[in-house]
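One structure below.
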Amino acid sequence: MFVSDRIFLEACVELAAQGRMTCAPNPPVGCIIWRDGNVLGRGFHQRAGSGHAEVNALRNIEDGAHNATVFVSLEPCSFVGRTPACAQTLIDAGVARVVVAAVDPNPNVAGSGIRMLREAGIAVDVLELASAKELIQGFTRRISQQRPWVRIKTATSLDGSVALANGASQWITGSAARADVQYWRARSDAIVTGVGSVIADNPALTVRDPAYAHAQAPLRVILDSYGRTPSNAQVLQGQAATLLVHQQGYGDVGLAHSAHVKQVHLTDGPRDLHGVLAELAQQGCNEVLIEAGPTLVGSIVKAGLWDEWIAYVAPKILGTDSQSVADLIVTHLPDAHQARLVDTVQIGDDLRLTLRR
Ligand SMILES: NC(=O)c1ccc[n+]([C@@H]2O[C@H](COP(=O)([O-])OP(=O)(O)OC[C@H]3O[C@@H](n4cnc5c(N)ncnc54)[C@H](OP(=O)(O)O)[C@@H]3O)[C@@H](O)[C@H]2O)c1
């Protein structure tokens with residue numbers, strides 16, 4: 198191990214993040230190839246089905262990577278999928294050493310890429326970095342637990358209300374906070390809401406900030422047991438795909454033939470959140486953003502099915518004739534649903550809190 202290993206690996210993580218909004222269902226990966234004090238190549242994984250980070254880093258090296266050191270944010274793959282196995286590609290390139298920042302979380306492949314390289318006589322060092330694991334947290338959640346990383350986003354008043362009792366909620370937070378939400382939408386594979394929010398707010402649930410024009414449009418998911426989504430709702434319009442999740446035997450809202458709107462019927466309906474998340478994992482979603490009202494947010498909190506919460510808090514008081522952020526009842530303080538505060542930042546006139554379970 199060398200002191201510089203960590204610096205190169207952190208640079209790989211930064212490189213990988215460039216593919217974050219385009220590479221799902223694959224994880225973001227970054228790679229740097231180095232020899233004799235020179236960086237020979239850099240690459241990241243841009244899109245599923247296209248070159249992996251290692252292949253992209255090798256691509257522009259004119260005299261090959263013989264005897265080079267390869268830094269990579271995730272263990273090179275050992276299987277032939279839509280592209281050849283990266284471990285074999287590195288063996289064929291004659292590299293001398295590979296330094297890895299995270300082992301593949303897939304229990305079926307974990308360590309096999311590293312083994313393959315070692316068996317070919319290549320020195321492999323694993324220097325596990327927290328930043329590398331964080332980068333692939335959605336992929337890890339999906340592969341190991343068959344559900345996506347669940348991130349809730351809410352906009353509340355200082356006293357924790359998302360709307361007045363009459364349903365008015367636009368807008369509690371300011372334009373800067375609302376612009377910030379575009380980033381979280383763009384890095385999500387799906388945006389999930391309840392039919393209550395669709396009826397009350399008629400949101401489009403799209404990424405509109407041109408800064409994220411390169412991002413894959415997230416799937417819009419409406420949890421709607423009985424097909425109450427109005428046929429002229431904005432979530433059914435536009436080019437972004439929409440998935441309506443209904444209860445078995447309900448929900449034929451006459452949209453079955455629309456190319457971008459699909460319906461799925463779960464036996465226990467969308468109230469079965471495990472079933473909903475399993476369906477989204479099946480569809481390749483690594484990270485999902487919940488943008489919903491108190492009913493759905495309350496269900497998710499009660500089920501303990503969230504990982505991260507982006508809470509925008511406005512310096513406004515809405516008082517008691519308003520709707521709490523989560524529809525649930527706690528009668529004893531020790532039973533409160535506890536979160537960990539991991540980040541706080543002021544955005545315009547509002548605060549953005551990042552919480553983890
Ligand atoms: N400030 C904010 O951050 C924010 C964000 C969104 C909405 N809002 C406000 O919230 C209010 C709407 O609240 P809401 O609670 O009705 O909206 P919601 O939570 O988005 O939708 C609730 C509906 O979703 C359906 N649903 C399907 N599966 C569910 C499940 N597993 N758990 C819970 N519900 C499920 C239920 O209808 P079925 O039984 O018919 O399926 C339920 O009535 C509006 O005033 C809106 O403006 C505020």
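Using our numbering, you'd call the opening residue of the sequence shown number 198 and step up by one each time. For every residue, glycine included, the Cβ atom is placed at its ideal position computed from N, Cα and C.
Excluding sequence positions up to five away, which residues of its chain have a Cβ less than 6 Å from the Cβ of residue i?
i: Leu420; result: Gly391, Val442, Pro467
i: Thr266; result: Trp231, Arg294
i: Val389; result: Val418, Val485, Ile487
i: Ala329; result: Val210, Ser270, Ala298, Ala299
i: Met313; result: Ser275, Ala284
i: Asp202; result: Val296, Leu324
i: Ala387; result: Pro415, Leu416, Val418, Leu477, Cys482, Val485
i: Val539; result: Thr551, Arg553
Measuring CA to CA, which of the options is closest to residue i?
i: Pro407; options: His471, Arg382, Ile396, Gly424; result: Arg382
i: Asn429; options: Val404, Pro400, Gly446, Ala410; result: Pro400
i: Ala475; options: Asp233, Ile319, Ile340; result: Ile340
i: Glu488; options: Arg344, Ser394, Phe268, Thr219; result: Ser394
i: Gln367; options: Leu212, Asn235, Ser354; result: Ser354
i: Ala373; options: Ala352, Ser201, Ile544; result: Ile544
i: Gly240; options: Ile258, Arg232, Asp233; result: Ile258
i: Gln243; options: Gly291, Ala213, Lys513; result: Ala213
i: Lys459; options: Ala508, Gln480, His471, Gly261; result: Gln480
i: Gly335; options: Asp322, Asn303, Val359, Ala360; result: Asn303
i: Gln215; options: Gln431, Ile396, Asp518, Pro225; result: Pro225
i: Asp547; options: Ile204, Ser328, Leu493, Lys513; result: Lys513
i: Gly446; options: Gly424, Gln436, Ala456; result: Gly424
i: Thr403; options: Thr439, Ser422, Pro427, Asp518; result: Thr439
i: Ser455; options: Gln434, Asp465, His471; result: Gln434
i: Val321; options: Asp540, Phe199, Gly227; result: Phe199
i: His471; options: Ala500, Gly495, Val542, Gly448; result: Ala500
i: Trp503; options: Asn223, Leu493, Tyr509; result: Leu493
i: Ser508; options: Gln431, Gly364, Gly308, Thr541; result: Residue identity check: residue 508 is Ala in the sequence provided, not Ser. It is Thr541 whose Cα lies nearest to the Cα of Ala508.
i: Thr426; options: His411, Ser496, Ala410, Gly448; result: Gly448
i: Arg256; options: Ala290, Gly234, Asn223; result: Ala290
i: Lys350; options: Val510, Leu515, Val306; result: Val510
i: Ala254; options: Leu206, Ile369, Gly227; result: Gly227
i: Met218; options: Leu332, Gly364, Ile396, Gln431; result: Leu332
i: Ala352; options: Asp465, Pro491, Ala410; result: Pro491
Whose C-beta lies closer than 8 Å to the C-beta of residue i among residues of the same chain, with five residues either side of it excluded?
i: Gly310; result: Glu272, Pro273, Cys274, Ser275, Ala282, Cys283, Ala284, Asp301
i: Arg537; result: Leu552, Arg553, Arg554
i: Thr280; result: Gly246, Ser247, Gly248, His249, Val252
i: Val236; result: Ile229, Ile230
i: Val292; result: Ile230, Ala262, His263, Asn264, Ala265, Thr266, Val267, Ile319
i: Gly357; result: Ser521, Val522
i: Asp469; result: Leu463
i: Ala414; result: Thr403, Val404, Gln436, Ala437, Ala438
i: Ile288; result: Met313, Leu314, Ala317, Ile319
Starting from residue i, trace the beta strand (DSSP E) both ways and give me its first and last residue.
i: Glu325; result: Per DSSP, Glu325 belongs to no beta strand (DSSP E) and is neither H nor E.
i: Trp231; result: 227-232
i: Gln168; result: The structure shown does not extend to residue 168, since the chain is modelled only from 198 to 554, so the question has no answer here.
i: Phe268; result: 266-269
i: Ser358; result: 358-361
i: Gln444; result: 439-444
i: Arg348; result: 346-353
i: Leu433; result: Here Leu433 belongs to no beta strand (DSSP E), and DSSP marks it neither H nor E.
Please name the residue or residues paired with residue i in a DSSP beta bridge.
i: Val389; result: Val418, Ile487
i: Thr280; result: DSSP output for Thr280 lists no bridge partner at all.
i: Ile544; result: Asp547
i: Val295; result: Val267, Val321
i: Leu552; result: Trp506, Leu538
i: His462; result: His443
What are the boundary residues of the alpha helix (DSSP H) that residue i is part of?
i: Gly238; result: Premise fails: Gly238 lies in the beta strand (DSSP E), 235-241, not in any alpha helix (DSSP H).
i: Ala250; result: 250-256
i: Val473; result: 470-479
i: Val378; result: 372-383
i: Gln342; result: 334-342
i: Asp202; result: 200-213
i: Arg315; result: 309-316
Whose C-beta lies closer than 7 Å to the C-beta of residue i among residues of the same chain, with five residues either side of it excluded?
i: Ala362; result: Asp518, Ser519, Gln520
Against chain C, with Cβ distances strictly below 8 Å, would residue i count as a contact?
i: Trp503; result: You won't find chain C in this structure, because it holds only one protein chain.
Next item on the list: Count the CB pairs spanning the segment 370-379 and the segment 519-528 that are closer than 8 Å, and state whether there are at least three.
Entry: no
Note to self: Any contact between the segment 303-320 and the segment 344-354? By contact I mean 3 or more CB pairs, one from each, below 8 Å.
What the structure shows: no
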